[in-house]
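Undergrad: The opening position of the sequence shown corresponds to residue -8 in the numbering used here, with each subsequent residue numbered one higher.
We put the CB at the ideal spot given by N, CA and C, even for glycine.
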Amino acid sequence: MNPQELLTSAQIQWCPGCGNFGILTAIKAVIEELHQPREKIVIVTGIGNHAKIADYLNVNSFYSIHGRAFPAATAIKLANPELQVICFAGDGDSYAEGLDHLIFAAKRNIDITAIIHDNRVYALATAQFTPTAPLGFRGSTTPFGTVEHPFNPLELMLVSGASFIARGYPARAGHFQRLIREAIRHRGFSFVDVLQVCATYNNLYGFYNKNVQEIEAGDPSSLKEASQIIRAWDYNSEGPIAIGKFYDVDRPRFEESFAGYRARPADREAKLQEAFEQLV
Ligand SMILES: Cc1ncc(C[n+]2csc(CCOP(=O)(O)OP(=O)(O)O)c2C)c(N)n1
Ligand SMILES: [Mg+2]
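#1: For I221, which residues in the same chain have their Cβ closer than 7 Å to its Cβ, ignoring the five residues on either side in sequence?
#2: Could you compute how far the alpha carbon of E88 sits from the alpha carbon of N227?
#3: Rounded to the nearest angstrom, what separates P141 and G127 at their Cα positions?
#4: Which residues in the same chain have their Cβ closer than 7 Å to the Cβ of A64, if we skip the five residues on either side of it in sequence?
#5: Does DSSP classify I94 as helix, strand or coil?
#6: Cα separation between N110 and N40?
#7: Determine whether the beta carbon atoms of E247 and K68 lie at a separation below 8 Å.
#8: Quick one: grab the DSSP three-state call for R163.
#9: Give the secondary structure of Y199 by DSSP, where H, G and I count as helix, E and B as strand, and everything else as coil.
#10: What runs of the alpha helix (DSSP H), each 4 residues or longer, lie entirely inside the stretch -3 to 65?
#11: List the DSSP bridge partners of H108.
#12: Taking its Cβ as the centre, do 16 or more other Cβ atoms sit within 10 Å of N200, making it buried, or is it exposed?
#13: Please determine whether the Cβ atom of G8 lies at a distance below 7 Å from any heavy atom of ligand 2.
#14: Report the residue from A257, L15, L25, F12 whose alpha carbon sits nearest the alpha carbon of N(-7).
#15: Skipping 5 residues on each side, what residues in its chain have a beta carbon closer than 6 Å to that of I232?
#16: Given 8 Å as the limit, is there contact between the stretch 174 to 191 and the stretch 252 to 266, that is, 3 or more CB pairs closer than that?
#17: Here's the rule: buried if 16 or more other CB atoms are within 10 angstroms of the residue's CB, otherwise exposed. What is T117?
#18: Would I171 pass as a contact of I234 if the rule is Cβ separation under 8 Å?
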């Protein structure tokens, strides 16, 4: 696709220094490389600063409700499995209000990509803490700091059944672009937790620049290895923060297993039996 075709006339509203710029740059490059007709690509967003990415890319897009990018994306993929469906969601969006939907998308292994703008704050709503906000985070609802630990979304995705798990840092642009490319090419539910810095409410550039390290899983199909890399950082402490691909396996995809339900009544049972056999 010609890069000019991807531009829109919308004026970018993100703050200077926002990590969302790096995500936009990477996705533009990857969409160009896909060589897919534009009408084959659908972007689905939650609600938040991250969601504005839909305004800045000239492809089909759907703004869902806060926390509901994944059910909307699931419906789109089931209605037309030929589409390349890419979700951009926030951490407040998908780790709090819409957490159940994220878990079920991973469990089903539907072939969509989840790119989570994990700035560890509700940015559009002006600085409430989210499930990944560091302990002691000071924001509009916690002026003296949070008194709860963050959770680790990658660990949650690993036990929920995601078949591709990665963490990226847009300031490492080349590395980040490669992760986004791999996630989109992966067939099945791919999940990328993005250390997307909110320069206004939670500026972690210094912390990440000091601690981030490119670490790949030697065997991306090893649950044990993925779990070790993922558990090495608790979203709180100082110390190495791994970025890279940690898990990548091939398992049956929901839109294929589900296809029997859409078959003619005479073929339905046989098709579903085939799907069950693939799944056991
Ligand atoms: C159903 C619903 N609940 C709450 C809101 C209010 N709201 C809008 S954006 C937002 C926070 C977004 O935070 P996040 O998902 O982390 O995105 P960011 O702005 O940080 O990119 C909230 C709570 C809403 N619009 N709709
Ligand atoms: Mg956020």
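TA: This is what the structure holds:
#1: Closer than 7 Å at the Cβ level, and outside the excluded window around I221, lie N143, L145, E146, L149, F237.
#2: Cα to Cα, the separation comes out at about 22 Å.
#3: If I take the Cα positions, the gap works out to 10 Å.
#4: Correct list, in chain order: V35, V76, C78, I103.
#5: Note: I94 maps to helix in three-state DSSP.
#6: For N110 and N40, the distance between alpha carbons rounds to 10 Å.
#7: No, the pair does not count as a contact, with Cβ atoms beyond the cut-off.
#8: DSSP places R163 in coil when its eight states are reduced to three.
#9: Note: Y199 maps to helix in three-state DSSP.
#10: DSSP runs (the alpha helix (DSSP H)) wholly in the stretch -3 to 65: 11 to 25.
#11: For H108, DSSP records a beta bridge to G81, V185.
#12: By the 10 Å Cβ count, N200 comes out exposed.
#13: Outside the cutoff, so no.
#14: Checking every option, the nearest Cα to that of N(-7) belongs to L25.
#15: Closer than 6 Å at the Cβ level, and outside the excluded window around I232, lie N202, V203, W224.
#16: Taking 8 Å as the limit for Cβ pairs, the verdict is that the stretch 252 to 266 does not touch the stretch 174 to 191.
#17: Burial call: exposed.
#18: In this structure, I171 keeps its C-beta atom at 8 Å or more from the C-beta atom of I234.
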